[in-house]
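Below is one structure, written out as structure tokens; comments come after it.
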Amino acid sequence: MRTGSFLLLAALVSAPCFADNLPSAPNGTLELEGRTALILQSGSFDFLADITGRLEDAGMTFQYRALTIGGYYRPLKNLKVGAFYRLQAGVRHDDDWVSNPSPLPWSWQSTVGRFENELMLDASPRFLLDFLPGRSWVLMLKGRYIYNTFENQQSIVARPELTFFWLVDRQPFMDFSAAYEAWFPLNYGTTLMYESYPWVGVHYHLTPELMLELGGSYKATAWSSSQQWLAAGNSPYRVTYSRWVASFGVIYVLNP
Amino acid sequence: MGAVRRLTLGALVISALAGPAAVFALEGQVIYTEGTVTVTSGGSSQDAGPGTRLSQGDLVTTGPDGLAVIDLSNATQLKLRESTSVVIDAIGSDTKVSLTTGAVFTRILGKLSGSFSVQVERVVAGVRGTEFFVAYGRTIDSQRDIWLCVNSGLVDVSIPAANQHTLVPAGKGINIVGGEKLTPARSYTWTRGLNWNMDAANGGVQDHTSLDQAYSDLLNHDYQ
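So the sequences go chain by chain: R and W. Under the numbering used here, think of the first position of the first sequence as 1, with each following residue one higher. Under the numbering used here, think of the first position of the second sequence as 1001, with each following residue one higher.
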């Protein structure tokens, strides 16, 4: 009886300690993202340059920043393929959950100053759903392969997206999109999906060249055990981190 | 008597020399063709070629492989693209043509003494010393769009029945939505590919610009 009581007490005391050492997952927080993109259209080619920044965590720290350059080629009316390079910093990976100094406390190491390189290959078939009311609906199925030189991580991103274009005098005035994006890790993590989220967005076509973008998503990221955590002999964990992301963008399209 | 005869002869010579020019001043003719071109006059149709005379009321039609350049009153030239029909409503100081289908380029030669206008359904494009292109666009909800763009000069586009009008300057174009609503004139990328040449001696005169380019390609939007 005494032994049983002791074990129960030990379990109750140790459980919170164990939980405290897991990656913090403050569900329901808000992140703010801003981006500006320049798209240069030339025949079947679109060249793109994009700068994105994001305020994250409860303190709204300027965590994520990225520069993306690349382009799309349109071999078929209903298909675009693309290749991009991205320089990014502030990305949190599973292995960034570290104990320093060991053994406690466990925390996210800062990645704000750590730059990573990504190479991306993209294929996005799209279809005009002109049988729907309004006849200006487009379904796009974006698939993207991402190779991150940091720890050689590879991912496949799938993003079905439905867009309705509100046309005024035959020209887009606004468009409304709904998408679901899912990241499938190929060689990291322990979950089928590393990150997934529904996204809704609207573009206001200020002029044929200039667009303003507003978007919102509810992102869920599945963190798996870091290497250091496992090396310390701890039991594996999976933590899902969910948060709202509000985004604003300015997009300029040039067609010289 | 001898003096009178000499005067009469002189008048005839002058008349003979001036005659064709005077006829051209009030009429028109086909000056260049490619493919199938027909002229319908007084209910009868004939194949047309360079030199075919044109009069008020004539209908000039190009086939799917056709192209025609016509001259009206030695003052205005029109280039009819493929599958185009133009009716010559009036020739003279107040030259008027109607575009019933297809696309046409127009050019005023020198200084226009009178007026020239192109009627497209209810839309009137009136010009003074200019070069412009007018064409039917897509038919949406049974209404045909009419596109007009100006290469030089100024075009006064109006829909008298709707009391609408706007001036379209060089380098700009407009879409008359459904043939009923004038939109603001602005630059359109697709107009840069138009072939304004009407003289085969200066190179190709065919124009293959697709009017589909005038419409936003919804499948081309990709921002990330």
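Where a beta carbon is used, it is the ideal one built from N, C-alpha and C, also for glycine.
Of all the CB atoms in chain R, is at least one closer than 8 Å to the CB of residue i?
i: W:Tyr1215; result: yes
i: W:Thr1183; result: yes
i: W:Leu1219; result: yes
i: W:Tyr1223; result: yes
i: W:Ala1025; result: Note that W:Ala1025 scores a pLDDT of 43, beneath 50, so its modelled location is shaky; the value from the coordinates is reported in the next line. Answer no: the Cβ-Cβ gap between W:Ala1025 and chain R never drops below 8 Å.
i: W:Thr1189; result: yes
i: W:Gly1168; result: Gly is not the amino acid found at residue 1168 of chain W; the sequence shown has Val there. Judged by the 8 Å Cβ criterion, W:Val1168 is not in contact with chain R.
i: W:Val1177; result: yes
i: W:Gly1212; result: Contrary to the premise, residue 1212 of chain W reads as Asp rather than Gly in this sequence. No, because no Cβ of chain R sits closer than 8 Å to the Cβ of W:Asp1212.
i: W:Val1013; result: Any reading at W:Val1013 is ruled out, since the residue's pLDDT is 31, under 50, leaving its predicted position unreliable.
Indicate whether at least one CB of chain W lies closer than 8 Å to the CB of residue i.
i: R:Ser110; result: no
i: R:Ser14; result: Per-residue confidence for R:Ser14 stands at a pLDDT of 41, beneath the threshold of 50, marking its modelled position as unreliable; the derived number appears in the next sentence. No, no contact with chain W.
i: R:Ile251; result: yes
i: R:Met156; result: According to the sequence displayed, residue 156 of chain R carries Ile and not Met. By this cut-off, R:Ile156 is not an interface position.
i: R:Asn148; result: no
i: R:Arg170; result: yes
i: R:Phe165; result: yes
i: R:Asn255; result: yes
i: R:Asp50; result: yes
Please classify residue i: does DSSP put it in a helix, a strand, or coil?
i: W:Arg1192; result: helix
i: R:Pro185; result: strand
i: R:Gln109; result: coil
i: R:Pro208; result: coil
i: W:Ala1048; result: coil
i: W:Leu1059; result: strand
i: W:Gln1164; result: strand
i: W:Asp1212; result: helix
i: R:Leu192; result: coil
i: R:Gln228; result: helix
i: W:Asn1175; result: strand
i: W:Pro1201; result: The displayed chain sequence assigns Ala, not Pro, to residue 1201 of chain W. Note: W:Ala1201 maps to helix in three-state DSSP.
i: R:Leu22; result: coil
Determine the burial state of residue i: buried for a count of at least 16 other Cβ atoms within 10 Å of its Cβ, exposed for fewer.
i: W:Arg1192; result: exposed
i: W:Gly1204; result: exposed
i: R:Asn187; result: exposed
i: W:Asp1217; result: exposed
i: R:Leu206; result: exposed
i: W:Asp1141; result: exposed
i: W:Pro1160; result: exposed
i: W:Asp1244; result: Nothing about residue 1244 of chain W can be read from this structure; chain W reaches only from 1001 to 1224.
i: W:Asn1175; result: buried
i: R:Tyr73; result: exposed
i: R:Lys77; result: exposed
i: R:Tyr149; result: The question names Tyr, yet the displayed sequence has Thr at residue 149 of chain R. When all chains shown are included, R:Thr149 counts as exposed.
i: R:Met60; result: exposed
i: W:Ala1201; result: exposed
i: R:Tyr197; result: buried
i: W:Val1069; result: buried
i: R:Gln153; result: buried
i: R:Tyr85; result: exposed
i: W:Asp1094; result: exposed
i: R:Gly82; result: buried
i: R:Asp122; result: buried
Under 9 Å (Cβ pairs) to chain R, residues found in the segment 1066 to 1082 of chain W:
Considering only beta carbons, no part of the segment 1066 to 1082 of chain W lies closer than 9 Å to chain R.
Pull out every residue of the segment 63 to 81 of chain R whose Cβ sits closer than 8 Å to any Cβ of chain W, in chain order.
From the segment 63 to 81 of chain R, only Tyr72, Arg74, Lys77, Asn78 and Lys80 have a Cβ closer than 8 Å to chain W.
Completely contained beta strand (DSSP E) runs for the segment 118 to 190 of chain R, where each covers 3 or more residues:
Correct list: 137 to 148, 153 to 168 and 171 to 185.
Which complete beta strand (DSSP E) runs does the segment 61 to 108 of chain R hold, if anything under 3 residues is left out?
List check, beta strand (DSSP E) in window: 61 to 76, 79 to 89, 97 to 99 and 106 to 108.
Could you please tell me which residues of the segment 122 to 138 of chain R, in chain order, have their CB closer than 7 Å to any CB of chain W?
Within the segment 122 to 138 of chain R, the residues whose Cβ lies closer than 7 Å to some Cβ of chain W are Ser124, Arg126, Leu128, Ser136 and Val138, listed in chain order.
Fully enclosed by the segment 1088 to 1159 of chain W, which beta strand (DSSP E) runs are 3 residues long or longer?
Correct list: 1094 to 1101, 1103 to 1108, 1115 to 1120, 1123 to 1127, 1131 to 1140, 1143 to 1152 and 1154 to 1159.
Closer than 9 Å between beta carbons: that is the criterion. Which residues of the segment 26 to 47 of chain R meet it against chain W?
Along the segment 26 to 47 of chain R, the positions whose C-beta sits under 9 Å from a C-beta of chain W are Arg35, Ala37, Ile39, Gln41 and Asp46, read in chain order.
Give me the subset of the segment 1137 to 1149 of chain W whose CB atoms are less than 9 Å from a CB atom of chain R, sorted by chain position.
In summary, the residues of the segment 1137 to 1149 of chain W whose CB is separated from some CB of chain R by less than 9 Å are Gly1137, Arg1138, Ile1140 and Asp1145, in the order they occur in the chain.
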